[in-house]
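Step one of this worksheet: look at the structure below.
Following this line, the structure appears as structure tokens:
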């Protein structure tokens, strides 16, 4: 069965252990800022998994936008709203138990499904090592603009012809982001209290 | 490196040792870099302020001063403030330190077929910018965890500043990527071979200007010089690391010097030709791969010295600015970012695109000479495809000896890239 | 579960199933977080975890190393992951704006307080 | 200022509020009663020909001969003087106003003498009067926030008074 | 005139009813606690809970909106105190889940209502335009501002934060403590706290003869010791009606103006430090060291000189000192251009100081400011020209112009850097600029004084006898010291020991302006404003 450790598996186990560990820590920790920190660690190790799966463009994207942008936003949110509470926002014990039981059941179900289906089983070691290292940025860039590089050797003709690039969704997302930008700014804007609106006593 | 060792050691040990050597080199680079910079900063600030700086500590120019600092920091007591969130307080410096060290993973020190790089990530620029963004977490946690109003002020200021300066920084970094045609730092470095006229900074006026915008944003994103709001001692006592002392404080400082070094390394590779010196000395002395490994190795070492030299020059300029200019106010810092840096970066980016569109592949100094030689760079993809396609089949059937691995990989890389570009051009013609 | 022998796990390459297993754990942690947390920002973090679990599956199916050449999703996997990441950022922005408004009116971010619609 | 003519002019305008003047001294001064102080100051400040818009200093002097031998020879009764030094930016001339108040209101030790506050006319008086209150124990009525400025908030006694004894200890620190 | 009548029927207020329910509930809960808990925690908890309702009621009964709002805020304070005691009870397991639920529902409903109630006081019944309610003595700088309904609430209702800047803060020039009420970065209220360096020098002045008190004047403005000595000596000479010889007067001009240069150098360097640039501070001290060496030759001390004394000076200038002094001025003049390049005309410095902390001339006069702070606001007043006879006698015959922006421009006797268009008269930049120009003015004065001193004949002014009997009477004199007008007030009863020795400090009045200048500015502006006032705590606290 192959000679010696197959390194990608070792790193996969390492990163997934980190990701799941910190994800569980997020669920169980009570202090909001600690939750945010564990989430950062969990998402960073997921980015590691992306690198492992050969998608370093998406990994770098995750690090930059998701962890660098979204979570900083979240931490700003935590800072703006963190306040001394009279009683800790503790969910009563009962709900915890129900939650955990359903959670474990769901995980077991998904794992059973994952490991049973034959198509998703790992390929042989020789085959894995034969896969060539290819640049990942250029195909994604081209796919976003006008060509589907990866479908070049698609066997049947119709499929290859029919493959359209991701230009349209790319434009839609950019417009969508603009709309969200304005919407969020409008929602959280400075409340200008007009002189007439007198708050009742 | 790992393949080279695989001939002598069992495979997994080879990877382990190669990894250890890489990490060792990087940690040394940053640690020694920090040591040198602390001493350099004292000397430069001394010279600027018409005094000598350390002279007597260990030897002639007081070069042991940093060691003395280090010992002092080691012996200082690491105290944790009472109300602090213990766990986050302890972890914060290490998060910020790891973030600034991780940036060195993808930075090459010498190019060519076997680049001197820890991990040849082909989205190098993107990876470095992403990791630099993570350093802000260390600061936020430090600010929040030390439970004092002043550190919270400092942390929030720094977070706002670094996050908002990532936008113009990214915009400026995209121009060299566009000119060199790839996110891979090694390719960007290799495009700038030969005379200094090939440097991307002289590629066209827009890129020249965007270099200065890049340098300002870089100084701001590592919190130096006029933008060092986070540890503005006149207002916030010492900003987010008020409560830190001893070793933890030194980690923050190593992180700051590390990210300053990595940002100037990036500047030197993206704009100032990286390992290609102003004059093509390696070609003149014949130190290229053509005549033997030893010559090639010396050529590479010259390249490494070149890169680090330029980076140290960049850091010296940052120090020089720091000791002359007063500090900006937080809203002025934000205003410069949003009102000046981002529009300027966008404008120069459009300028570079216009230049690239009208005179593809022509540099400012290359306007006079015939464009042939430069043309090859962009066309390199196509003829490589022709070469790769026919000689690829026989090669694939050879045995999977480890030694031939790199050349095949590079050819393959060219293949997919070239194929992609060809399709792009065909579609374009088809589309028009 | 015959194939799942821990002994040779380290020597055999990892398949899509293993990625999906990790994705499942992340997904469930996200759902639990959304369900159990009373702090609005905790719910937001739960949503991030759920999206991340989904992303992992996309990447797993699109990766060449896991399915060998040319079987899986090819380029669609990573591209979908990109769109998920970008849209998650937008979603977080809007969600945060809502939470801040909630905080403005209720002096606290405890979602149990949002019981205005109850009868 | 122009000596006796000015004093008579004031007397004619404010009648018995002006109780006296001393023109022989190096800095001649005019004595005013506590009740009339506000009116006189407002007049001095607003009158264009005088225009005393700059208040140099408000201070108080405690006249009490503590050692019995000299007390007999002293030619003054124990009293307190609140001294105002005024200056005019336009005419570049200066004036000294004095208010004679008893050391304790109704001679009951512990009740501070009261003088109306001129903080309304000159903003600088706010801090100067707080210093007088802090060090010499003169209560300025209608002062925006009359509390100690130099000594700690909970300090007992008024240090610059002649009959002041240093407290034996303050928060555990030995005084004498 | 509409008298805003506060609602007296507080019983109908929901806020009040909630407070009542809270108080009774805590009473019922604390009733069954054990003896120990009841004695310690119970008493405090009930007192706090009752005081919430009590304060709301008292606020309504007070009749004026200001008091009503103040008592409502005290009620909010005691609500938070109740929360504190409940947390303690909770952590000591004195409350069971049911009780917590009840308490929490009341408190979580009471808190926002109380805030809304506080905001609504004084607004529901009156509309700002027609409201002429008299809120107590309308003094020009009343500290309790009426809540203007048009105030724009920031996007997130961040609650106020009290921040202590000092007394051991690096940028407050010594032991000054500023208590800032900040909302995020914007400072809404600054209250300076003084007295940390109070040594009661005036009490000691009542036990020493005037000449023995000279060293105490050194330690008031310790950056310009010579000018302090000069001020006290002139006051005593005014009382003695003594005229020092002509040579002594020119000696005093040389020493005083050199002291001014040294003090302004420190002011400039420290201001650069406040704004973050470190190098000007070292350049300034390099030059100041040379002046201190010169002073050391004259009187042996570098900081607390006690050189100028009643009657003249303790000793004459040593031989060759004047040539050294001229040599220093020679090499110092071109360096000033460097300081201008480093700070005055530096665009970031201008950004940080122009238009910040603007003070109108009327406000400057009203607050009794003096020196560069007064002249920075355009008030043409300098005691060396407009002071009392005995002081201006020292400077008569000297050609010098007062550094102030008169009808649009500064004096043109030297080539000075231009005023940037962003700078508004009376802002931090102008105060700094006036100080820099005064250094050049002092150089001219010292040069003229050196020529006059060398030609004048006669003694340098022998100091008077140590225990000389002072004539009965009093004298007050102000001199133009570097930071402003330093006044000394000497009352004597005929014996050799003064009856009262008072020092009127210029920085004391200059500092009193901070709370008005810093209202609504950013935190980073506070060191800029306080630095531009160039205060020294020794002089303020005396």
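Chains as they are written, first to last, in this note's numbering: chain Z, 1 to 201; chain G, 1001 to 1432; chain X, 2001 to 2119; chain F, 3001 to 3176; chain W, 4001 to 4542.
Glycine included, each C-beta is placed from N, C-alpha and C at the ideal position.
| query | result |
| --- | --- |
| The beta strand (DSSP E) enclosing residue 3056/F, as first and last residue numbers | 3054 to 3063 |
| Validate contact between the segment 1156 to 1171 of chain G and the segment 92 to 106 of chain Z using beta carbons, cut 8 Å, 3 pairs | no |
| Limits of the unbroken alpha helix (DSSP H) element including residue 4285/W | 4279 to 4299 |
| Residues from the segment 2036 to 2054 of chain X in contact with chain Z, defined by Cβ distance under 7 Å | 2036, 2038, 2039, 2041, 2042, 2044, 2045, 2048, 2049 and 2052 |
| Backbone CA spacing between residue 1337/G and residue 4356/W [nearest angstrom] | 22 Å |
| Three-state class that DSSP yields for residue 3164/F in the structure shown | coil |
| Simplified DSSP state of residue 3100/F, which is helix, strand or coil | strand |
| Candidates 134/Z, 32/Z and 63/Z, of which the one nearest residue 47/Z by Cα | 63/Z |
| Exposed unless 16 or more other CB atoms sit within 10 angstroms - verdict on residue 1151/G | buried |
| Per-residue contacts from residue 2107/X into chain W (C-beta, under 9 Å) | 4108, 4111, 4112, 4115 and 4157 |
| Contact belief for residue 4220/W with residue 4539/W at Cβ below 8 Å, rounded distance in angstroms | 5 Å |
| Supposed close pair residue 4228/W, residue 4217/W - CB separation, criterion 8 Å | 4 Å |
| Within chain X, partners of residue 23/Z - CB distance below 8 Å | 2025, 2026, 2029, 2030 and 2049 |
| Opposing strand residues paired with residue 3159/F [DSSP bridges] | DSSP output for residue 3159/F lists no bridge partner at all. |
| Residue ranges of each alpha helix (DSSP H) within the segment 1270 to 1340 of chain G, 4 or longer | 1281 to 1285, 1293 to 1322 and 1330 to 1335 |
| Segment contact, 8 Å Cβ cut-off, at least three pairs: the segment 1189 to 1207 of chain G with the segment 1340 to 1356 of chain G | yes |
| Beta carbon of residue 3131/F nearer than 8 Å to that of residue 3143/F | no |
| Residue-level contact to chain Z via CB, residue 1140/G, 8 Å cutoff | yes |
| Spatially closest choice to residue 3086/F from 3118/F, 3067/F and 3075/F, by CA coordinates | 3118/F |
| Contact list for residue 9/Z against chain G, beta-carbon separation under 7 Å | Simply none; closest approach about 12 Å. |
| At least three beta-carbon pairs within less than 8 Å, the segment 2070 to 2085 of chain X to the segment 56 to 72 of chain Z | yes |
| Beta strand (DSSP E) segment containing residue 4501/W, residue limits | 4500 to 4504 |
| Whole-number beta carbon distance between residue 4485/W and residue 4478/W, since they are thought to touch under 8 Å | 4 Å |
| Neighbourhood of residue 1387/G by C-beta, 6 Å cutoff - its chain only, sequence neighbours within 5 removed | Because residue 1387/G sits at a pLDDT of 40, beneath the cut-off of 50, its placement in the model cannot be relied upon, and the following sentence gives the value as read from the coordinates. Closer than 6 Å at the Cβ level, and outside the excluded window around residue 1387/G, lies no residue. |
| Buried/exposed call for residue 1279/G, threshold 16 Cβ in 10 Å | exposed |
| Beta-carbon neighbours of residue 2064/X, restricted to chain Z and to distances below 7 Å | 54 and 131 |
| Span separating the alpha-carbon of residue 4117/W from that of residue 4190/W | 26 Å |
| Extent of the continuous beta strand (DSSP E) to which residue 3087/F belongs | 3079 to 3087 |
| Residues of its chain near residue 1052/G, where Cβ-Cβ distance is below 7 Å and the 5 sequence neighbours each way are ignored | 1046 |
| Neighbourhood of residue 1193/G by C-beta distance below 6 Å, restricted to the same chain and skipping five residues each side | 1276 |
| Length of the line joining the Cα atoms of residue 2013/X and residue 1028/G | 34 Å |
| Interface residues of chain G facing residue 46/Z [CB-CB closer than 9 Å] | Neighbours of residue 46/Z on chain G: none; closest Cβ ~14 Å, over 9 Å. |
| Reduced DSSP secondary structure (H/G/I, E/B, other) of residue 4255/W | helix |
| Contact list for residue 2021/X against chain Z, beta-carbon separation under 7 Å | 111 and 114 |
| Straight-line gap, residue 4205/W to residue 1222/G (C-alpha atoms, nearest Å) | 56 Å |
| Chain X contact for residue 99/Z (CB, 8 Å cutoff) | yes |
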